[in-house]
Structure formats: C-alpha cells, structure tokens
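Below is one structure, written out as structure tokens; comments come after it.
Below you can see the structure in the form of structure tokens.
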C-alpha cells in the first residue's frame, strides 16, 4: 500500500496553478508522473500523490520540474478562474475510480495520437525528400535532352543549308548549260548558212558541244575486262549451317560418334558362320528391315534389325526403326526401350540428328499413350514439338493427349 | 582524356516505321535522299526513295517489283546518272534508273540462288578504271559484272567441280588504285575470307576466322589496300592490316569482341578512313577508331617483312532497337550523317557529332 502524500502545497493565479510536492528523500530517477487534463498522479515508491483537479488544465502546456527534493508543477488552467480548492471535493470512491480510469484511457489515446502524428510527419518528410530528389534528376535529364535537341537542330539546319546549296548549284549548272547550248546553236546556224552542202560538218559542232558542256560521259573508260575464272576451294565443313565457335565442340563430338558407329564391330564369327556376305552388313540389313516394314511383315523386320544390331550396336537408326516395328506389333514396352536407346545414342543434340530425335520422341510418346501413361506420353510429344515446332500432326496428337488427360483427371 | 561531352554522340535524328521488311538502305550520292530496299509481306520486292526534309523523311517514290530485293549499291554509276544496282531473291542483278524504273537499264540472271551481297566500284568519281559490280550468292559463287557487257560476268569465282558449296555472305571491292588493279574480298558462312586479284585472276590470300563472315569492307576502295574489317558471328570482328603480306602468315590482324551478338555490318566513315561503325544483332551500334602501331611492319625471324596490327578503341555505343541492324550507310556528302535499317521494320537517320575532333 503506497503512502499517500498529503503535505503538498499549492498556489494559484488567474491562469496558473503551482503545486509543490515534496519528494521525501526519494531519488529523482524513481519519480513517475502521470497527468491528464483532469487528473494528476505522482508515483514515487513508496509514496503516492494523486489529485483530481478542480477544473481542467491544458496538459500539453503544463510543465513539471523535478529537483531539489521537490516536484514543482506549473499547470495552465483551461478556463481562467480562481479555484476554491485544488482537488475536487466530495468525491466518493467510485467516482474517483471512474476518473482514474477515464484519465488512463485519455492518456492512452493521447499516446496513440502522438505516435500517429509522429509517423505522419515522418512520412511527409520522406515524401518531401523523394520529391526533391526526383526534381533534381528530372532537371538533369532535361538538360541532357536539351543538349541532344540542340545538336539535332543544328545538324538539321546544316543539312537544310547544304541541300539549298546543292539545289542552287544544280540550277546554276543547268542555266549555264542552256546558255552554252544557245551559244553553240547560234554558231551552228551561222555555220550552216555559209556551208549549205556537206552533211558531215554539222556533226562536228555538235560533238564539240557535247564536250564543251562538260557532260564528259566517256572520258575513255577502259574496255570491259577479259573474262576470267578463278576456281576456289573451301575450308571443309560437314554441316550445312554456318560455322560458329561456340558450337564447334558439340559438332566435333557428334561427328566422332558417327564415325565410331560406322566402323564395323567385331563379329563373333562362329555364331554367324551361316550368314551370307551381304547379311553381315548392317546397312543392307537396315534396308531389308525397311522393306519388310513396308510390306507389313513386322516380325521379319524385327528379326532383320535384331541381326543388324548384333553386328553393330551403335547405330541409332536401327533402334529407331525397330521401335517403329514394335509399335506396330503392340510390343509397347520394347518400343519404349528401343526409342530410349535411340535417343541415348543421338546425343549430343545437333541440327543434323534433329529429325531422328523428333521421330524417337514421337514413337516413345505413342507407346506411352497406348499404355495409358498419358503424362509421360505428353512429355515426349512436347519434346518432339520443341525440336520440330512446325509439324501439324504432332500438334494435333499432343492436343488429343491433353484432352484425354483432362478428361480422366476429374474421374480419378 | 576526353570528358563525356567530348566524345562523339550518336543521336537518332529521324525514325520511320515501314510496312515491309527492309534489307538494305543507301544514300543517293549528292543529295539528301536515300533508298530503302526490301520485301513486302505479299512476297514482292520494293524500293522506296525518301528525302530528309526538316525533321522528317518524306516518301518521294515507291517502286514495286516481282522479286524481293536483298541488297543494292550506287558504287558503279556515274554521279550524273545515279543508277541503283540491286540483287534480289531470285538471283537477278538489275540496274535501275530511279527516274524511269519500269524497265531496268541492265538485267541479268546472275546466280541460281539469292544474291546475298553486292558492291560496286569505278563510279561516283571515285577511283579509276572500269565500273564493275560484284555479287555474291548462296550458290557459293562470286561474279564480277561490267554494265557494258551483257549476260556474262567478267570474272567468276566458283568452287571446283564436286566441291560442296558454301554460302557467300559478303563481298567488297578494294585496291582499285589505277586502271588495272582491282581486288575482290569475299566472306563465306564457314568462316573463309578469300581475297581475289582481278588483274592476275588468282586467289591472292585466304584465311578462316572460325565464325561465319557477315561483312567485309576495305577502308577505301580507291587506294592501295590499307585496312580490311571483317565482321562475323559470335560478336567478333577483325581488322586486317593489308599493307604487308607475309608469304605464309598472310596479313596481320587485331580482333575485338563487341555487341555480344552477331556483328552484321561494318562501315567506314567516307571522310575519315580510320573511323568505322559496327552494327550488331541486338540493335546496337558501336563507333570505333583504329590506331596504327608505331611501326606498321617488322621483320620476322627469317628476315621477311610482316605486318603489325594496331588497335581498335571504342568511341561510343548506342542501342537503338531490339532487332538486328542489318544495314548501315554513311552519307558521302555530310560527315556524321548516316542511315541504318533494322529488322524491326524501321529505318533511322542518325547524326554522329564531333567526328572532326576525334
């Protein structure tokens, strides 16, 4: 229970109230003052001084001075009058409590209002700073623009002046030519009058006219060159595309792969002794496989490709074609395997094998869709589209798959 | 040492949006007009003539022809006639009188495939010798034509029988210092640069710069070969010093990386042969100055003369567009004025300032 301080003293004038509260030896640091327009509290443990003021004061203007063992309040009255008492008398506990709470609330509101005002002011300041910055930058920009404009105008003027000069020169030249022609015409007329015969004469003055007017068209240009032919050789390049340094490494890698694949692989002679000479050639077997595929003899085509792959397991085209056969035979898993193997062999991706890669993706995509693995199928079709974006059938098929996927999703 | 305000500035003076793909733009000599050549969306070729008036360009004339135009030059006509020689997508070489464009003054089916590039020499009062036009095509051949000789080229640089052909992307005349001497430099898509001597009808020099060659240009056509700029894919260009040829090492060169994309064009300033501008695939223009080394040639280990390349320093750069700037042409009459066209279907007239103080 805090000790209530009762030995305070106070004086007043018309506009001010002075209250003197002794601190009774408590240090300045422990003094806490709480004040509103109607309520004043000084809390310095273990002492407490509170008073509900007789009339409202202006809280913002009033000051409190702490020091020398006392707190001196200088309160400005809101209304100038002489108070009978400092505190409101005849207050029961409840009213007191009410007033206290009211005071606290008011103080809180004031605190909030203060904080808000501070925030607003801060924002205003920032805005102002920003605006001045923007203005400075704008000015800078305008200055540069003006310089450019000035240069442009100057150049335009010079251009126009030069054009004028050109025009005038043209006109002068034309006028001069006309004058010269006139002069020579007159001379010619005179000459014709004296020499009525001999047709050749009029020719000469005309020729002279030509040279005199300065239309020196043919100041003896050399004859056209005698035809020549130079045979040239180019630095060899396999790819039809232009040479780019950044692509050289990839192209080299692809070419090396192709070269390796074309070299005949060691064949286990004992097993395949009964094969004819031509059947040992993977290329011939590939052609045979194609023909069998065309006549719809898919099993036989697969056999042909199997043998070709046994002889040379590095040619991607064999896997690609065998995948097509498996698709037709509905051996979907085998088709997927073969397409994947073909794609593996078709790295690095260069423009040369774009076609083959697109086909591999399409075949694998079809196989996936037949197995109802539509998501994977769509992935493959999209990869094919990336390689060959202009192909209508791929677009159409990809659309169909998307629809099927969207159709099945709500069901599951 | 130059402050930012002392560097040459590249200012876009006029911009004109066109309704066709424009491949080439050239100034008409002795005038404030330029021509644009290109390709309408309907597949026909178009030549438009514009005049710079006040702050704008006015369309003076539009000529439409059957085949789209790829390139053109005024290099081989006289200053009075000012005929335009064009190469088109069908492989034809035509020379047009722009006052009467219904029928070409000269026409020949120059190549079996599109004419990629064209250059002319001997006209416009520059240099001596016969007027000649050289064309390079996708069919791998480079042919030199004389407008006075119909149907057959005066020189044909073609691959040997059975050789796979490479596209010729660019040609340029040079070394036309007297009546007899002429050189043609050709760049191909496999990185080959070949220098043909027309006097001896032989290949004088060849090299490979490891990237497809987009543009070659001598700094001057009418003097003893001095410098050659070759631009290529992958953002590189090379400047060759053409005064000293070593029997095995060829010409000395310095190369720079710029633009971070294909360098489509390089054009030397007609008034100063050491300044040139390169145009890039990202719509940027770089202005360069070539500085000669202290000694242009030195003796190598065996005592044979070889050239020493100098250095190219960047004076200014600007980005005008997002699409490649495919053609660039300096005005021969007004220093610093140039016209460029880009694949965003615009043609721009630019002013480059302070070039006299470089």
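Residue numbers (our numbering), protein chains in the order written: chain L, 10 to 421; chain W, 8 to 365.
Glycine included, each C-beta is placed from N, C-alpha and C at the ideal position.
Computed from a predicted model, the values in this text were never measured in an experiment.
Check	Outcome
Outcome for residue 363/W when other beta-carbon atoms lying within 10 angstroms are tallied against a minimum of 16	exposed
Meets three-Cβ-pair contact criterion under 8 Å: the stretch 94-107 of chain W and the stretch 120-134 of chain W	yes
Contact with chain L by residue 247/W, beta-carbon distance below 8 Å	no
Residues of its chain near residue 227/W, where Cβ-Cβ distance is below 7 Å and the 5 sequence neighbours each way are ignored	233, 280
C-beta atoms of residue 343/W and residue 325/W nearer than 8 Å	no
Cα-Cα separation between residue 408/L and residue 388/L, rounded to whole angstroms	12 Å
Residue range of the alpha helix (DSSP H) that includes residue 37/W	Careful: residue 37/W lies outside any alpha helix (DSSP H) and carries neither H nor E.
Residue 269/L beta carbon less than 8 Å from that of residue 350/L	no
Presumed contact (8 Å Cβ cut-off) between residue 37/W and residue 86/W, rounded CB distance	6 Å
Identity of the residue in 267/W, 222/W, 289/W, 339/W nearest residue 351/W by Cα	289/W
Proximal residues to residue 18/W (C-beta, below 6 Å), its chain only, five neighbours per side dropped	358
Beta-ladder partner(s) of residue 99/W, from DSSP	116/W
Close-in-space but distant-in-sequence residues of the same chain around residue 386/W (CB under 6 Å, 5 per side omitted)	Since the displayed chain W opens at 8 and closes at 365, residue 386/W lies outside it and no answer follows.
CB of residue 32/W within 8 Å of CB of residue 354/W, strictly	yes
Min CB distance residue 360/W to chain L below 8 Å	yes
Buried or exposed (CB count within 10 angstroms, at least 16 for buried), residue 24/W	exposed
Burial state of residue 98/L (16 or more Cβ within 10 Å)	exposed
Exposure of residue 20/L, with buried meaning 16 or more beta-carbon neighbours within 10 Å	exposed
Within-8 Å CB hit, residue 35/W to chain L	no
Chain W residues whose Cβ lies nearer than 8 Å to that of residue 168/L	39, 59, 341, 344
Counterpart residues of residue 107/W in DSSP-defined beta bridges	Residue 107/W pairs with nothing; no bridge assigned.
Extent of the continuous beta strand (DSSP E) to which residue 48/L belongs	48-53
The stretch 401-416 of chain L / the stretch 306-315 of chain W touching (three or more Cβ pairs under 8 Å)	no
Exposure of residue 176/L, with buried meaning 16 or more beta-carbon neighbours within 10 Å	exposed
Buried/exposed call for residue 336/W, threshold 16 Cβ in 10 Å	buried
Where residue 322/W meets chain L, residues with beta-carbon distance less than 8 Å	The contacting residues do not exist; residue 322/W stays about 16 Å from chain L at best.
Secondary structure of residue 176/W, DSSP reduced to three states	strand
Interface partners of residue 20/W on chain L, CB under 8 Å	161, 164, 165
First and last residue of the uninterrupted beta strand (DSSP E) at residue 20/W	17-24
Contacts that residue 253/L makes with chain W (C-beta to C-beta distance below 8 Å)	218, 219, 240, 241
Residues of the stretch 193-209 of chain W with Cβ closer than 8 Å to any Cβ of chain L, in chain order	195, 196, 197, 198, 199, 201, 203, 205, 208, 209
Close Cβ partners of residue 396/L (< 6 Å) along its chain, the five nearest in sequence each way excluded	363, 366, 367
Inter-stretch contact at 8 Å, needing at least 3 Cβ pairs: the stretch 48-60 of chain L / the stretch 80-97 of chain L	yes
Any chain L beta carbon closer than 8 Å to residue 350/W	no
Local conformation of residue 302/L per DSSP, three classes	helix
Cβ shell of residue 213/L (< 6 Å), same chain only, five flanking positions each side left out	Because the pLDDT at residue 213/L is just 41, under 50, the model does not fix this residue reliably, and the point stays unresolved.
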